[in-house]
Every structure is written in C-alpha cells, then in structure tokens.
Amino acid sequence: MSLKVGDEFPQVLLKYAPYDAANPGACAAPQVLDTNNDFAGKKVVVFGLPGAFTPTCSAQHLPAFVAKADAIKAKGVDLIVCVASNDTFVLDAWAKQENVNGKIILASDANGDLGRATGLSLDLSKLGMGSQRLTRFAVIVDNGKVAHLSVESNPSEVAVSGADNVLAAL
Amino acid sequence: MAVKIGDVFPDAVLTYIPYDAHNPEACGLPQRLATHEAFRGKKVVLFAVPGAFTPTCSEEHMPGYVEHVGELKSRGVDIVACVGPNDQFVMHAWGRSYKVKDDILMLSDANGDLGRALGVASDGTAQRMGPVRLTRFAVVIDDLRVVYVGVEPVRGVSVSGADAVLAKL
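As they're listed, the protein sequences go chains G and S. Counted from 1, the first sequence has number 125 at position 125 by our numbering; the numbering is strictly sequential. Each number in our numbering comes from the position in the second sequence (counting from 1) with 170 added on.
Structure representation (structure tokens):
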C-alpha cells in the first residue's frame, strides 16, 4: 500500500520544536503537527528523508530546500515540512546546525506512523539504523490531496525529490 | 537490568562513526563494534542515554562524563563509551557538539539489540519518541565481567553519572 497522486494525504500526528525568532538557540517544547487540520486549505510541500545528520541528507537534500524555501513559497506554497524518523530533539539540533531559521518545519515521525500510512517507510536495520526510517521523497499536498509525488528509487540519492524538482512541479 | 555484578556483559553489535584526528569535521564511514571483541581484556565504563540532544542527557548526564573522562582513564579505564538509541550519525554529531574527539566512544544501538539483551529497552511511543529507547544506566565492565551496575530509577542522573562511577573505581 503506497501513496499515489490523487490520494488524500493521510492524517498523522507528527511532532516538531517550533522556531522562536526571538530566542533561536532555545530548545522549544515540542508541538503537534496534525497533517489533516494543519494542512487543510493549504498548499504544502512535504519532503521525507532517512535521517538527520546523515551525509546525503545534510549535504544535499535539506540545504537545497532551505536555500529555495522563499522561491517555493513565492509559488503559492504555505508550508514546507521536512519529515524524518528522528525525534524532535535531534531534528531541532540539526535545524540549528543547518541554519533552517524557521523556514522549514522539521517534523518527527519517530513512531513511524507516516511511514506506515504512506507505505514510504524504509528498513535500515542492516545498517544498524533501525527498521522504521522514511525513504527519500517529496510530495505536494494541495488542500489535503496529493498533487505530486516523487520517490527516490535509491534513497541515498537526491534525483527526483530535491528542491529544484519540486519547484518545477509547482 | 538483566545483568548483575559478576555476569558476563552481553555480546552485541553497535555502530559508530570513528573520530578522524586529521579531518575532525568529516563524517566518517560507520563502523561496527562487537562488544565482546572490543571490550575483551579491557576496563570499560559504558553509560546509556535515552536520547542524544534531549535535555537531561545533554545538560546533566553527558557533561559529567566529558568533564571526568581524563580522571576515569587515569584510574585504569581503557574505554569510556556512551550508547544511545539514536543512529550512529546522530550520536557522532552529538559527541562532536561536546568536542569529545575520541575520548568518549559514541555508540549507536538503533536496532535495540543491546537494550533488549540487557533488559533495559524502553518504549517511547507514548511520548512520540519511537519504540526503541534505552533506560539511563551506567556499567563498569572488567574483561567482559560486569563489576558495577547503576540503573536510574527515576528521571535525573544519580547512580549512572560520572561521579557515581568514579566512586566505584
């Protein structure tokens, strides 16, 4: 069972530590991001990746979205969400290291709910990284419906799920 | 905990990213560490954290070991290691944030094998922190035999902290 274009994006509760512009170094208390309620009536870009601080994710996937966040929002996107299986504390530390500065919400799917609901989970236990990771993908969700979906056939690469791919699809 | 003083510490495979003194900023390739092979014939202090970058771990548990690692080694400890349920990349990044270099080995038990073998696996699903977590503890292992066990009964750091371990060496 895998997500496809035209589907309703599944309702899942994710967690994130909100960015506080007045106190950017602070470790904020985690908030819930409800993919149903918080995406209603909005155009949202969601991109998933196997893990914070990992080479491809840190070197290629996230930084490109940070750099192109304004351009993506200029095309009518209300919210950009990066999802990974790490917890909110790890994602918050990664966001600070990558200077995300609130442009993208880094949301945690630590319980694996989104991975299971979309069929986009990745088992990396052979690498000692646990069985409930997310594969690398990008989705455009328009008022709750999947308008675009690109899933990397090789999760170590950013070929179809990068910021430029998403910009071209908007 | 499933092991007690006098028991042989379980053999488990953990992963870590080694520190490269020539290229400290580099994200090295993950390596496997089999506890029996790595700890045989050595005195090891191993402390476990529920999660890298979390408040108690970051503010209370880890700093104590960073501060006392020299003293631990001067008392005959060969390896000081921190194990967490996060993957090796996260553990490595967390260790880097304390500039531990190779003084403290940052180990990953992301598959939960060590947690299960020791009976200290905990489930963080209710807090939305995922099903594979570790209870906070510290053990001292001498040539694979457990000589000290300190499992934290509640939140905070007491029997699993660097001070408690130092007092036992």
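Heads up, the beta-carbon is just placed ideally off N, CA and C, and yes, glycines get one too.
**OP:** Check whether the Cβ of T178 (chain G) lies closer than 9 Å to any Cβ atom in chain S.
**Re:** This structure cannot settle anything about residue 178 (chain G), because the visible part of chain G is limited to 1 through 170.
Original post:
Is A34 (chain G) helix, strand or coil by DSSP?
Top reply: Here residue 34 (chain G) turns out to be Asp, not Ala, going by the sequence shown. DSSP places D34 (chain G) in strand when its eight states are reduced to three.
Original post:
Just the Cα atoms here: how many angstroms apart are V139 (chain G) and Q258 (chain S)?
Top reply: 28 Å
Original post:
Along the chain, where does the beta strand (DSSP E) that runs through S278 (chain S) open and close?
Top reply: 274-278
**OP:** Report the option in G:M129, G:S108, G:G115, G:L170 whose CA atom is closest to the CA atom of P18 (chain G).
**Re:** G:S108
**OP:** Report yes if the CB atom of P188 (chain S) is closer than 9 Å to the CB atom of D248 (chain S), and no otherwise.
**Re:** no
Original post:
When burial is assigned at 16 or more other CB atoms within 10 Å of the CB, is L199 (chain S) buried or exposed?
Top reply: exposed
Original post:
On the three-pair Cβ rule with 8 Å, is the region 305-325 of chain S touching the region 171-185 of chain S?
Top reply: yes
Subject >> Min CB distance G326 (chain S) to chain G below 9 Å >> reply: no
**OP:** Leaving aside the five residues before and after R245 (chain S) along the sequence, list all residues of the same chain whose C-beta is less than 8 Å from its C-beta, in chain order.
**Re:** L336, L339
Original post:
Between K90 (chain G) and chain S, is there a C-beta pair that is closer than 9 Å?
Top reply: As written in the sequence, residue 90 (chain G) is Val, which differs from the Lys given in the question. Output row for V90 (chain G): interface = yes.
Original post:
Are at least three pairs of beta-carbons, each pair with one atom in the region 234-242 of chain S and one in the region 218-225 of chain S, less than 8 Å apart?
Top reply: no
Original post:
What are the residues of the region 128-139 of chain G that lie near chain S, defined by any Cβ-Cβ distance shorter than 9 Å?
Top reply: G128, M129, G130, S131, Q132, R133
Subject >> Members of the region 257-291 of chain S near chain G, C-beta cut-off 8 Å >> reply: D257, Q258, F259, V260, H262, A263, W264, S267, S278, A280, N281, G282
Original post:
When the distance is taken between beta carbons, is S292 (chain S) closer than 9 Å to G128 (chain G)?
Top reply: no
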